[in-house]
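Protein chains in written order, with our numbering: chain A, 1 to 439; chain B, 1001 to 1439.
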């Protein structure tokens, strides 16, 4: 029986857990309820661990100039001319690399088989092979790792390999970066809890849709792929089964943080020419219609629409919605004046109100609902919006955009043009199994 | 003497204006102070008028599919499959076209020589030829027209050719769209005022800068241009005059609305390959340092930085900064609770406070100062920002970005990567001469 099969067997009941301690060979039987923190879980001791590493900025710069006919010396000079940043880039790169080595050595000391995979090489085969996957980077790397995991039993851990530069919301507490053996020990002893992060799924329908995903991080568009998908779409439309296009198509992605819908965030390539033909309209407004929880359709115009999970409520959505003290203070001042009050507003009060407001934007990763947020709504004669933000279990969006897309976790994008309809929901099957380790 | 020379001659004094009425041949001499509304200006009667027209969405869709091997019939079918939008596109296109014809006929009836120029053909030669330039489209077309005008004596007018769809902040009042002869009459009689819209200028310095502008609307990147500019930059850096790169370079653009600085809004092309190599990171944070009015440098991380004029304070900057009633209501509620007040908050009060707050974001187009706004500031251990928004006469920004750019009026972009420093100021020479016509 594979290790995963074994854990599945063990977890059938919430109340009884059995641990097979691999190193000692002894079988422990423990009774306990799943949510008792100290003995919450059976020990976690994967045999095969994939470590997926981020691309550092140093590596990015190297790659960027690779094709510009500059020699390595030219490159060094060019970067050096920019002042301290070259040395800084190298320093961050080395810190990351050392932290990755620390993780790998710790895993190997525990007798685990380790496969280190750069983000560009991470694929479904890695996911199939591994008993557990460790993301060694920042939150971006965690999002990438999660993007190829569709089995809610597959455990994923994040380790922040540059805590001074990276927030690491999705990673283990920062202290484990340099003390990874401690983390492994706690995992082995069951001194942790599984955290089941809810994710978003997407159905796409409507005429002229193109379900071909574009990987923004791979940074390559396949001309053939675009052409082909486009022709197939048209041919299907012309055939007698044209109506089949209107069946909702479940996209092969899950949003761990959020889905973002907006105008002109994709590139368009001239199919008959190799000259790149790019449409980049930085702040052309996005037009769409939205229906929340099967409510009435509303026409809207904005900088875009974000639908986030509890996990994502601390990410981009948080930054879209949060208020700064300057704005809060001004609102309270105007409010007091309008209400005829003469109460002085201390900086402390303004801080408290700001904090309380911003806290209300965040909710738990395990909650089975989403928050939709309209970024920079544009209100005028034609367009209105009743709510700029709210909870939802189901969001439907109909595109009225020229050249827009839906972006999942900032990493994968889908065309979402005039006529397409997206249905955004959650399903328990899509949960991501991560680790909650006390600090 | 050219017409423009004549007007220059006449305007030497603010207090005396002379009108030569072209149609009657009579010379009127009028005394008046420049800011008396009814006889505010000498009559405006240009001999040569360029009419620059926008590209409608219908034309955009036609162009988009031109190279995808679809026949015109295929195209019609594909668009028709999307439902009503095809007919809608055509309708808007026809409305725009009719309004352009109305403008052209009205000008020709007045004996003016008219040159109709599509936005793609509009160039410096058009600007040199014309006594006055009319933008026939929406605000976007006005921005384009303004982008090639550097002489503050060159008059520019905007006519909104689709008032039902376009806001037209920069255009004449909507009624003149269908009654353009009335506008011409008022102009002829001097029943208008010149509005001198202040604009922003940019100096760029620092090592490794690339002063080659990328025209986002032309939607084409010249591979040769990129290569060449890049090599020249490096060669200059290597030469003994390397220090000359650090002298501030005045960019050949002026911002009528705003300058926006942000991460990964440009595309990057692999020089040695024709496969497009695109870096699109929709919400990778922008890192930079900012100094306002020669104040201390502050490290910041955000979704980007906007510096706008009075004109632009009603545009993108407004949408970045404005608050919705939902947020204002919540802040007032929390504030009241924190202050221990038990005052009910009516919807009317919330509306008033919201309106007053949002009004405070707008200032006059003729004011010689700018507003800087930080879009979605990210505050954490490393980064802080004292103010999210404020007035400034001078803003310096040092890029710490991977792959960012500075975008002027949403139309022209410049690389702005690690090491580059932008100095953003205003100069009276850069004013744009537009028309203020009463409704």
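For glycine and all other residues, C-beta sits at the position ideal for the given N, C-alpha and C.
Nothing here was measured: the structure is a model prediction, and the numbers come from that model.
So with Cβ pairs under 9 Å, would you call residue i a contact of chain A?
i: residue 1335(B); result: yes
i: residue 1240(B); result: Low confidence applies here, because residue 1240(B) scores a pLDDT of 38, under 50, leaving its location unreliable; read the following figure in that light. Not one chain A Cβ lies under 9 Å of residue 1240(B).
i: residue 1323(B); result: yes
i: residue 1118(B); result: no
i: residue 1349(B); result: yes
i: residue 1352(B); result: yes
i: residue 1252(B); result: no
i: residue 1424(B); result: no
i: residue 1095(B); result: no
i: residue 1057(B); result: yes
Buried or exposed: residue i, going by 16 or more other Cβ atoms within 10 Å of its Cβ?
i: residue 166(A); result: buried
i: residue 330(A); result: buried
i: residue 1259(B); result: buried
i: residue 343(A); result: exposed
i: residue 1109(B); result: exposed
i: residue 151(A); result: exposed
i: residue 1409(B); result: buried
i: residue 257(A); result: buried
i: residue 435(A); result: buried
i: residue 1183(B); result: buried
By DSSP's criteria, residue i is part of a beta bridge. Which residues make up the other side?
i: residue 289(A); result: 299(A) and 398(A)
i: residue 420(A); result: Paired residue(s): none; residue 420(A) is not in a bridge.
i: residue 308(A); result: 258(A) and 371(A)
i: residue 426(A); result: 200(A)
i: residue 1360(B); result: BP columns for residue 1360(B) are empty, so no partner.
i: residue 1414(B); result: 1406(B)
i: residue 1160(B); result: 1137(B)
i: residue 250(A); result: 203(A)
i: residue 390(A); result: 372(A)
i: residue 1054(B); result: BP columns for residue 1054(B) are empty, so no partner.
i: residue 1353(B); result: DSSP lists no partner for residue 1353(B).
i: residue 1432(B); result: 1197(B)
Grouping DSSP H, G and I as helix and E and B as strand, with all else coil, what is residue i?
i: residue 1084(B); result: Confidence at residue 1084(B) is low in this model, with a pLDDT of 47, below 50, so its placement is unreliable and no value can be given for it.
i: residue 1107(B); result: helix
i: residue 1049(B); result: strand
i: residue 124(A); result: helix
i: residue 133(A); result: strand
i: residue 404(A); result: strand
i: residue 1365(B); result: coil
i: residue 1437(B); result: coil
i: residue 1195(B); result: strand
i: residue 337(A); result: helix
i: residue 1144(B); result: helix
i: residue 213(A); result: coil
i: residue 172(A); result: coil
i: residue 263(A); result: strand
i: residue 1165(B); result: coil
i: residue 1270(B); result: Per-residue confidence for residue 1270(B) stands at a pLDDT of 25, beneath the threshold of 50, marking its modelled position as unreliable; no derived number is given.
i: residue 115(A); result: strand
i: residue 155(A); result: strand
i: residue 331(A); result: helix
Taking CB distances under 9 Å as the criterion, tell me whether residue i reaches chain B.
i: residue 332(A); result: yes
i: residue 357(A); result: yes
i: residue 52(A); result: no
i: residue 387(A); result: yes
i: residue 48(A); result: no
i: residue 297(A); result: no
i: residue 76(A); result: no
i: residue 328(A); result: yes
i: residue 91(A); result: no
i: residue 319(A); result: yes
Between residue i and residue j, how many whole angstroms is the CB-CB distance? I'm expecting something under 8 Å.
i: residue 156(A); j: residue 432(A); result: 6 Å
i: residue 203(A); j: residue 162(A); result: That belief does not hold up - the Cβ atoms of residue 203(A) and residue 162(A) are roughly 37 Å apart, past 8 Å.
i: residue 1200(B); j: residue 1370(B); result: 6 Å
i: residue 373(A); j: residue 317(A); result: 5 Å
i: residue 378(A); j: residue 301(A); result: 4 Å
Would you say the beta carbon of residue i is closer than 8 Å to some non-hydrogen atom of the ligand GTP?
i: residue 116(A); result: Only the bare structure without any ligand can be found here, which leaves the ligand GTP out of the picture.
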